[in-house]
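Number 122 in the numbering used here belongs to position 94 of the sequence shown; there are no gaps in the numbering.
Working notes, structure below.
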Amino acid sequence: MINGSKSEIHMWYSANLIYKGINEDGLTDLCEERIVLFHALCEKDVYAKAKSFGLDSEHSYEVESGGTLQWKFDTIERVYEIDDSEIHDGSEIFSRFLTKEDVDILKKHIKKHIE
29 MINGSKSEIH MWYSANLIYK GINEDGLTDL CEERIVLFHA LCEKDVYAKA
79 KSFGLDSEHS YEVESGGTLQ WKFDTIERVY EIDDSEIHDG SEIFSRFLTK
129 EDVDILKKHI KKHIE
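Set out below in structure tokens:
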């Protein structure tokens with residue numbers, strides 16, 4: 029206890045935010061995943077911060093082919109506690125376990141965008 033109050037320790041977290049790209053016809057065939065860092069006391073606080081960040085970062089712009097594309101916050105896919113107390117080169121901000129099938133799907137997706 030410090031000055032009669034409980035010492036509070038903030039941790040680093042990453043949050044995976046999902047946004048939907050919505051064109052003028054209301055179609056949403058494009059999504060974006062962002063991994064964003066947050067400093068908070070607990071996971072519950074991260075969800076509140078991430079939701080606020082997601083809503084605040086919604087935006088739209090004119091596309092080259094004409095029309096407007098809106099990026100709307102959709103959901104928080106997951107929150108991940110970062111084990112390092114300080115962020116530095118090599119800090120792990122996210123990890124997950126994948127099945128072989130998951131990896132095959134990711135490889136196909138990456139290959140499609142490289143070609």
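Glycine included, every Cβ here is placed at the ideal spot set by N, Cα and C.
Check your understanding: Helix, strand or coil: how does DSSP classify V131 here?
Key -> The residue you call residue 131 lines up with position 103 of the sequence shown. Helix at V131.
Check your understanding: So the alpha helix (DSSP H) S80 belongs to, where does it begin and stop?
Key -> For this step, residue 80 is matched to residue 52 along the sequence shown. In this chain, the alpha helix (DSSP H) harbouring S80 covers E71 to D84.
Exercise for review: Kindly indicate which residue of N44, L55, Y41 and I46 has the alpha-carbon position closest to the one of G95.
Suggested key: Here residue 95 refers to the residue found at position 67 of the sequence shown. Comparing Cα-Cα distances from G95 to each of N44, L55, Y41 and I46, the minimum goes to L55.
Point to revise | Same chain, Cβ closer than 8 Å to S42, neighbours up to 5 away in sequence not counted | key: For the purposes of this step, residue 42 is identified with residue 14 of the sequence shown, where counting begins at 1. Sequence-distant Cβ neighbours of S42 in its own chain, meaning closer than 8 Å and more than five residues away, are I63, V64, L65, F66, V107, Y108, I110, I121 and F122.
Review point. How many Å lie between G118 and D112 at the Cα?
Key: The count along the sequence shown starts at 1 and reaches residue 118 at position 90. The count along the sequence shown starts at 1 and reaches residue 112 at position 84. Taking the CA atoms as reference points, G118 sits about 10 Å from D112.
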